[in-house]
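Visitor: If you read the sequence shown in my numbering, its first letter stands for residue 264, the second for the next number, and so on.
This structure is in C-alpha cells; I'll ask about it shortly.
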Amino acid sequence: MQRLAAKHPGEAEYLQAVQEVLESIEEVYNRHPEFEKAKIIERMVEPDRIFTFRVTWVDDRGEVQTNLGYRVQFNSAIGPYKGGLRFHRAVSPSMLKFLGFEQTFKNALTTLPMGGAKGGSDFDPVGKSDDEIMRFCQAFMLELWQCIGPDQDIPAGDVGVGSREIGFLNGMYQKLAREYHTGVLTGKGMAWGGSILRPEATGYGALYFTQHMLDKVGKTLQGKHIAISGFGNVAWGAAKKATELGAKVVAISGPDGVCEIKDGITGEMIDYMLLMRASNRNRVQDMADRFPDKVVFAADKKAWTVPCDIALPCAFQNELSLDDAKQLKQNGCWCCCEVSNMGCQPDAIHFFLNNHILFAPGKAVNAGGVATSGLEMTQNAQHLNWTAQEVDNRLHHIMKAIHEQCVAHGTLPDGNIDYVKGANIAGFMKVAQAMLEQGTI
Ligand code: GLU
C-alpha cells in the first residue's frame, strides 16, 4: 500500500478501494506462495491501460466546450473488458481506477466471463438539454470507438449514463466503425438489442441479494422499512422490487435533501422517479412538489436521518459516513446493503461490523446490473431475445450464486458472515488463478 500510495499520490478513492481488498485477502494470499512468486498483487492493482482523450463539443448557445474523456481497461484475465461509463463533474482518473478495480472483482463474482473496466468524463449532465447530451455523446464516441469492440471492451451505463446516452453513443459508434452488430454497448433500447430487465437489474439484483442475506438470519423483507439514497436508475429498480416484495420504502434522497414517505413509496411515485432522472435537474424535491400530501421534503438532509430497518445506499461512493452509520443504528436500523459502488466509508463499515449490523459490499450487492449486461451480450451473440421471465430467472440464479460465494469465503468461526471478506476473497481467487494460469504477461 505504501508503494502504491507513493506511486499514485492523491488518488484517494483508488487507494481506498485497493486497501479494502488487500485487508480482506491478506490471510488467503499468504497461504498461496505461488501468487507471491508471480507478483499477482502488484500486477492486479494496476490497470492494464488507460486511454485519456479530449472531448470538444458545442453547447446550445453556440459556445465551444472541452471536457476530458477516459477509458480504464483494468483487467482482462477472465474475459473482455466490461464496465460502465460515468458522466459526472467529479470524474477523475482516481475515481475511474477505483471503479475499474472494483468492477474486476464484481464481474468475477457474477460467474460470467467478463474482465473489468470503467470509463467516463467530467462532463456534467445537470441542466443540459437533450441536444447537448447528444452532441456530447457523439463527440465522446469520436475518440472512444477505437478503444472498444464486442470482443475487446463493452461499455455500459453508470452515474449520468442511461439508455438515452447509450442510444446516442451506439448511433455514433455504428457510424464510425461501420459495424452493425448489436454487441458493443449494453443497456441498449429494447428495439435495438437491449435486454428486457437490464434497466431494473441493478436494483432487482440488490433486493434478491438482500432477501438471501435476511433468509440466512431467519428474516424476510415483508413489512420492513427501507431508506434509499438517490433517485436515479439504481434507486428506481430497488424501490420497485422492495415494494413488490412487501417492504415499505420510506425515503429517497438527492443532492438537495431527502423525501420522507411515511406510508411507503407508491407505483406512481416510482414512475415519477424516471421523469426526475430524465429532467437532468438533479433535484429530489420535485417528488414532494408533485405529491405534496404524501411526501415531506427536508432540505440538506440525508436518507440516513429517516428511521428504517434496512438502509440501501444507491447514489455515490463514500455517501454514508461513520456519523450516518451511528444515526442509523440509533434509529433502529439493523441491515445495510451497499448498492452504490463503495457507498460506505471504511469507518462506517467497521462500525456496522462491530455492532452486528448486517452489511454487504457493493461489489456483491450491485452485481446484478453488470450480470444482466452479460446476459444482454449472450442474447446479442445468439441474435435472440429472451423473455422477461428467462432473464429474471437467470438474474435470480446469479445473485444466489454470489451470495453462496460470500458465505463460502466469509463465514467466521462464530458462524457470522463477513460479506466484505467473502466477496473480496471469492473475486480475488478467481482473477488471481486466471492470471497465474496465463503466465507472466
Ligand atoms: N455501471 C454498472 C456497474 O457499476 C454496470 C456496468 C455494466 O453493465 O457494464 O457495475
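For every residue, glycine included, the Cβ atom is placed at its ideal position computed from N, Cα and C.
Taking only three categories from DSSP, how would you classify Lys589?
Guide: helix
Visitor: Along the beta strand (DSSP E) that carries Asp416, what are the first and last residues, could you check?
Guide: Segment 416-419, the beta strand (DSSP E) holding Asp416.
Visitor: Beta carbon of Phe364, beta carbon of Val281: below 8 angstroms?
Guide: yes
Visitor: Can Val628 be considered in contact with the ligand GLU, in the sense that its beta carbon sits closer than 7 angstroms to one or more heavy atoms?
Guide: no
Visitor: Where does Lys479 fall in DSSP's three states?
Guide: In the structure shown, Lys479 sits in a helix (DSSP, three-state: H, G or I).
Visitor: Nearest CA to the CA of Glu428: which residue from Arg398, Asn687, Thr473, Pro413?
Guide: Proximity to Glu428 across Arg398, Asn687, Thr473, Pro413 peaks at Arg398, based on C-alpha coordinates.
Visitor: Report all residues from its chain with a CB closer than 6 angstroms to the CB of Glu601; omit the five preceding and five following residues, and keep chain order.
Guide: Pro576, Cys607, Pro624, Gly625, Val628
Visitor: For a test of the three-state rule: what should DSSP assign to Val558, helix, strand or coil?
Guide: coil
Visitor: Given a cut-off of 8 angstroms, decide if Thr635 and Arg349 are closer than it, judged by their beta-carbon atoms.
Guide: no
Visitor: Count the C-beta pairs between the region 318-325 and the region 400-411 that are closer than 8 angstroms, then say yes if the count reaches three, no if not.
Guide: yes
Visitor: Relative to the C-alpha of Gly390, which candidate in Asp526, Ala301, Met539 has its C-alpha closest?
Guide: Met539
Visitor: Based on DSSP bridge pairs, tell me the residues matched to Val424.
Guide: Asp421
Visitor: Tell me the rounded alpha-carbon separation between Asn617 and Cys522.
Guide: 30 angstroms
Visitor: What separation, rounded to the nearest whole angstrom, lies between the Cα atoms of Lys589 and Leu621?
Guide: So the alpha carbons of these two residues sit roughly 14 angstroms apart.
Visitor: Applying the 10 Å Cβ sphere with the 16-neighbour rule, what's the burial state of Glu735?
Guide: Only positions 264 to 704 of the chain appear in the structure, and residue 735 is not among them; the question remains open.
Visitor: When you compare only the Cα positions, how much space is there between Asn648 and Thr374?
Guide: 21 angstroms
Visitor: May I have a chain-ordered list of the alpha helix (DSSP H) segments no shorter than 4 residues that lie completely inside the region 517-560?
Guide: You should have 530-541, 548-553.
Visitor: Taking all protein chains shown into account, do 16 or more other C-beta atoms lie within 10 angstroms of the C-beta of Leu675, making it buried, or fewer, making it exposed?
Guide: exposed
Visitor: Would DSSP call Val602 helix, strand or coil?
Guide: coil
Visitor: So for Lys381, helix, strand or coil by DSSP?
Guide: Strand at Lys381.
Visitor: Compute the minimum distance between the beta carbon of Ser516 and the heavy atoms of the ligand GLU, and state whether it is under 7 angstroms.
Guide: Checking the Cβ of Ser516 against the ligand GLU gives no.
Visitor: Tell me whether Tyr471 sits in a helix, a strand or coil according to DSSP, three-state version.
Guide: helix
Visitor: In three-state DSSP terms, what is Gly690?
Guide: helix
Visitor: Quick one: what's got a C-beta closer than 7 angstroms to Lys564's C-beta in the same chain, skipping five residues either side?
Guide: Gly520, Val521
Visitor: Are Arg723 and Asp385 close, meaning C-beta to C-beta below 8 angstroms?
Guide: Not covered by the structure: residue 723. The range shown for the chain is 264 to 704.
Visitor: Fully enclosed by the region 284-369, which beta strand (DSSP E) runs are 3 residues long or longer?
Guide: 312-321, 327-338, 344-350
Visitor: The alpha helix (DSSP H) with Ile665 in it runs from where to where?
Guide: 651-673
Visitor: If you draw a straight line from the alpha carbon of Gly452 to that of Ala651, how long is it in whole angstroms?
Guide: Those two C-alpha atoms are separated by around 14 angstroms.
Visitor: Among Ile396, Asp416, Asn656, which one has its Cα closest to the Cα of Asn426?
Guide: Asn is not the amino acid found at residue 426; the sequence shown has Ser there. The residue with the shortest Cα to Cα distance from Ser426 is Ile396.
Visitor: Distance check for His666 and Arg294, CA to CA, integer angstroms please.
Guide: 24 angstroms
Visitor: Ala490 and Val513: beta carbons closer than 8 angstroms?
Guide: yes
Visitor: Checking 8 angstroms against the spacing of the C-beta atoms, do Val713 and Ser516 come in under that value?
Guide: Given a span of 264 to 704 for the chain in the structure shown, any question on residue 713 remains unanswerable.
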